[in-house]
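Peer 1: Residue numbers (the working numbering), protein chains in the order written: chain F, 729 to 1061; chain P, 729 to 1061.
Backbone N, C-alpha and C define an ideal beta-carbon position, used for all residues, glycine too.
There are 2 protein chains.
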Amino acid sequence: MDLTEDELVAAITRLLTGEARDVVVGLGDDAAVLAAGTGQLVVTTDMLVEGVHFERSSISPRDLGAKSVTVNVSDIAAMGGSPRSALVSIALSPDVDTAWVIELYGGMRDACAEYALALVGGDTNRGDILIVAVTVIGQVAPGRAVPRSGARPGDAIAVTDSLGAAAGGLRVSQASAAVRQAALSKPWGRALLGALARPFARVGEGQTLARSGARAMIDLSDGLAKDLARVCLASGVGARVELNAVPVAQALRDGAETLDVDALGLALSGGEDYELLATLDPDDADAAARALRERFGVTLTTIGTIIEGDGLVGVDADGSEKPIEPEGWDHFA
Amino acid sequence: MDLTEDELVAAITRLLTGEARDVVVGLGDDAAVLAAGTGQLVVTTDMLVEGVHFERSSISPRDLGAKSVTVNVSDIAAMGGSPRSALVSIALSPDVDTAWVIELYGGMRDACAEYALALVGGDTNRGDILIVAVTVIGQVAPGRAVPRSGARPGDAIAVTDSLGAAAGGLRVSQASAAVRQAALSKPWGRALLGALARPFARVGEGQTLARSGARAMIDLSDGLAKDLARVCLASGVGARVELNAVPVAQALRDGAETLDVDALGLALSGGEDYELLATLDPDDADAAARALRERFGVTLTTIGTIIEGDGLVGVDADGSEKPIEPEGWDHFA
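#1: Mark P/Pro927 as exposed unless 16 or more other C-beta atoms lie within 10 angstroms of its C-beta, in which case mark it buried.
#2: Find the nearest neighbour of P/Leu762 within the set F/Ala759, F/Ser913, F/Gly897 and F/Gly767, judged by alpha-carbon distance.
#3: Below 8 Å CB to CB, which residues in the same chain sit around F/Ser821 once its five sequence neighbours on both sides are set aside?
#4: Compute the minimum distance between the beta carbon of F/Pro1010 and the heavy atoms of the ligand COA, and state whether it is under 8 Å.
#5: Between the Cα of P/Ser810 and those of P/Thr852, P/Pro870, P/Glu1036 and P/Leu776, spot the shortest distance and give me the residue it belongs to.
#6: Here's the rule: buried if 16 or more other CB atoms are within 10 angstroms of the residue's CB, otherwise exposed. What is P/Arg958?
#7: Examine chain P for any beta-carbon lying closer than 9 Å to the beta-carbon of F/Met836, and answer yes or no.
#8: So, are the CB atoms of F/Val801 and F/Tyr843 less than 9 Å apart?
#9: Any beta carbon from chain P within less than 9 Å of F/Pro870's own beta carbon?
#10: Report the residue from P/Gly934, P/Asp1001 and P/Asp950 whose alpha carbon sits nearest the alpha carbon of P/Leu1008.
#11: Can you look up F/Ala879 in the DSSP assignment and give me helix, strand or coil?
#12: Would you give the residue range spanned by the alpha helix (DSSP H) that P/Pro1010 belongs to?
#13: Whole-angstrom Cβ separation of P/Asp1126 and P/Tyr1002, contact assumed at under 8 Å?
#14: Kindly indicate which residue of F/Gly808, F/Gly983, F/Ala819 and F/Leu992 has the alpha-carbon position closest to the one of F/Gly850.
#15: Is P/Ile857 helix, strand or coil by DSSP?
#16: Take F/Thr936 as the anchor and find which of F/Arg837, F/Thr852, F/Glu735 and F/Arg1018 has the nearest alpha-carbon.
#17: Is it a yes or a no for the stretch 936 to 945 of chain F touching the stretch 989 to 1002 of chain F, going by three-plus beta-carbon pairs under 8 Å?
#18: Given this structure, state the Cα-to-Cα distance separating P/Gly999 from F/Ala827, to the nearest angstrom.
#19: With DSSP as the reference, please indicate the residues paired to P/Ile865 in a beta bridge.
#20: Would you say P/Arg872 and P/Arg939 are within 9 Å of each other, going by their C-beta atoms?
#21: Do the stretch 904 to 924 of chain P and the stretch 874 to 888 of chain P meet, that is, are 3 or more Cβ pairs less than 8 Å apart?
#22: Can the beta-carbon of F/Ala806 be found closer than 9 Å to that of F/Leu956?
#23: Look at the Cβ atom of P/Val1043, then the Cβ atom of P/Gly1025, and state whether they are nearer than 9 Å.
#24: Please list the segments of the beta strand (DSSP E) lying wholly inside the stretch 935 to 985 of chain P, counting only runs of 3 or more residues, in order along the chain.
#25: Any Cβ of chain P within less than 9 Å of the Cβ of F/Asp1038?
#26: Looking at chain P, is there any beta carbon in it that lies within less than 9 Å of the beta carbon of F/Gly850?
#27: Name the residue from F/Thr773, F/Arg908 and F/Val829 whose alpha carbon lies nearest to the alpha carbon of F/Thr986.
#28: Could you list which residues in chain F have their beta carbon closer than 7 Å to that of P/Asp947, in chain order?
#29: Within the 9 Å Cβ cut-off, does P/Ile1035 reach chain F?
#30: Quick one: list the residues of chain F neighbouring P/Thr772, beta-carbon separation under 8 Å, in chain order.
#31: Taking all protein chains shown into account, decide if F/Gln867 is buried (16 or more other Cβ within 10 angstroms of its Cβ) or exposed.
#32: Three-state secondary structure (DSSP) at P/Ile1052?
#33: Candidates P/Leu921, P/Ala906, P/Ala905 and P/Arg876: which alpha carbon is nearest P/Leu898's?
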C-alpha cells in the first residue's frame, strides 16, 4: 500500500457520497449512528476470503466489491427484509495497490446504489491475504421476518428464476483455455460468467414472498441441495423434489455439452445463485408466482413438496426416487 | 479443521446461549432479527488480523475472543451508546483446531456477558491466516451521540483512568526472555500484560460523559497523540496538552526502568488503552469527573485545552512548547 490507513480511509470516504436520510453519523467516526424505525432490524455478516471465495485473477475488484455487498443483501432479502446500511472491514495484502482498492469500493458503491443502502462504517487493515467482511443492517415489519424454521408438511417448495448459472460460470473460469475461449465466444458463456461475477439479490421478491405467506425462506448461496437441507433441518421436516421441475438456467443447458457438465447436477449442488427458496401453502405459491411475474418479471417455480420425516428425496420423471445428498458448497471441504 | 462448517456453526451456536430479549431471530438463519427501539442505532465494525493485531503465541484464544468484542464495544462507548448485539465473521487457518475455536467463542461470550450484548449472527470461513471481524450494534438516545467533530476552542480535554499500560504490555511481551521473566515476577509486569490482553470498554463512563455535555469523544485505540489529532482534524481545531498532567499508568511508571522505555512517550503514542478522551466545557469536565468517580470509581483527568488552529502542542512543566506528532499506531505503517 502506498497510503497510510488514514489516507486510505479519507479516499474511501470521499468516494462514498450519497448517504441515506436515516444516517445520523456516517463514515469517519468511532461508530455510525442510524435512526431506528418502528420496525425490527435484520442484520447479517459475510466474509469473502481470497483463495476460498474468490481468486483475484478471475474477478475484477469492482465485481468483488459489488458481490461482497450483494451476498449480504441477499441474506436480508431471504428474511423478507429491506436493507438499509452496510459496514465493511477489509484486510489488504501488500501487493494490493490503491487503484485496486478504490475500484473495490466503487463496486460496493454500485451495489449500495442498486439496493438503496448507505455504507456507514468500516475498518481497513493490512494482512497477508485479501479479505472483505461486510455487515448489512436492514428493517422488517414486526413479526414479518421469514425464518428457515417455518416449513410444514404439505408446503410447496418454490424457487425464483433459475439455478446453476453461477456454478456454470465457475466451470467456465476453471476450464482449459480452449474451452474458456469457446465459451466466451457464445452468449451462454458470457451469461454464466456474468452470473458468477455479478449476482443479484432478490430484495423485492423476498418481500413479496413474505407478504404472500412464505413460511420458510432461504437464499441459495450454497446450492439447492444444501440450503433446502438446512430449511428441512431447521423445520424438522423432509422434502420431495421433482427433478424435472427444477428450473435449470438456460445458459447452463446451452453450455453443458461444451463444458462437459451435468446441468441438473450443477443446478442442484452448485452455489452462489442467490435465488430465493421459499415454502408456502400451495395456493399461496400460485398467488406469489403471479405477483412475482407481474411485479418483477420473475418466474417462481414449484419444485416439490415438504413432507414429514427428514432428508431430501429426488423424484425422477418416471416416478423413481433417490436420496439427494446435501453436497453443496462447504467452505471447509 | 476437523469439523464441517455446519458442524462448527452448530457447536458455536450451542455455546452461545442466553440471548437478549430484543432478539427476535438469533443465530442460525440467513440474518438475525432484532427489535428496533425508539432510539437511534450505533453500529461499528473492527477486524483483528493475525500478524498485524495479534500473534497467536502471545494471546490466548479466550483473551482474543473477548478483545475482539471489547474493541467494538469501546467504539460504541465512544459515541455515548449502549451496545446491544454483535455479529462475528471469522477466517480460520488450517492449523487451528476446534478446541481453540471454542475457546475463542468462549471469550466472546465472556465479553458479551460483561457488556450485556447478544451474539446474533456470523460467518465462519477457512483462510490462510486467522482473522476475526466483529460488528456491534448499539442504541443511543436520539441526538445524544457524541461525534469526533464537536470540539470547540476553550474545551477542556479529558481522559479516563490512565494511559500507556497496554503499550507497556506489548513491550513486555516483546522483551528478551530475561526482562520478560523479571516483569512477570512483579505486579507491574502482570498488570501491563493484563491491560494488553483484556482491555476494558468504558460503556457507562461514555454515557455519563455524553450526559455531562461531552462535545467530542473518541476511544484511545491508536494512542492519545493520533486519536486526539483525529478529533482536532474532524473538529477543525488544535490542542494544547499539559504533558505533566497526562495520567501515565502506575504499572508503566513502575516498570519503565526495567523495560527501558519512556513512560510518558508510551502514554502519548501507545495504542490499545481503550480509555475515552472527551472535550467538554471546563465546568462540565469538573462535574463529569465527580460523576465518574462516584459512579465508577474512575478518574477523569483534564490534560489540556482545545485551541483555535490545528495540530497538537505539548507543554512541558517549565512552560516550553513543542509539537506532538500524531505518531500512534498505523496499521499500514
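Peer 2: Put simply:
#1: buried
#2: Residue nearest to P/Leu762 within the set F/Ala759, F/Ser913, F/Gly897 and F/Gly767 is F/Gly767 (criterion: CA-CA distance).
#3: Glu778, Arg854, Gly855, Asp856, Ile857 and Leu858
#4: This structure lacks the ligand COA, and indeed carries no ligand of any kind.
#5: P/Pro870
#6: buried
#7: no
#8: yes
#9: yes
#10: Selected option, being the one with the closest Cα: P/Gly934.
#11: If DSSP states are grouped into helix, strand and coil, F/Ala879 belongs with coil.
#12: Pro1010 to Phe1024
#13: The structure shown does not extend to residue 1126 of chain P, since chain P spans only 729 to 1061, so no value can be given for it.
#14: With distances taken between CA atoms, F/Gly850 lies nearest to F/Ala819 out of F/Gly808, F/Gly983, F/Ala819 and F/Leu992.
#15: coil
#16: F/Arg1018
#17: No, the stretch 936 to 945 of chain F is not in contact with the stretch 989 to 1002 of chain F.
#18: 29 Å
#19: P/Val771 and P/Ser813
#20: yes
#21: no
#22: Taking 9 Å as the Cβ cut-off, F/Ala806 and F/Leu956 do not qualify as a contacting pair.
#23: no
#24: 944 to 947 and 966 to 970
#25: no
#26: yes
#27: F/Arg908
#28: For P/Asp947, the C-beta contacts it makes with chain F under 7 Å involve Asp758, in order along the chain.
#29: no
#30: Asp758, Ala759, Ala760, Leu815 and Gly849
#31: buried
#32: Of the three classes helix, strand and coil, the one that applies to P/Ile1052 here is strand, per DSSP.
#33: P/Leu921
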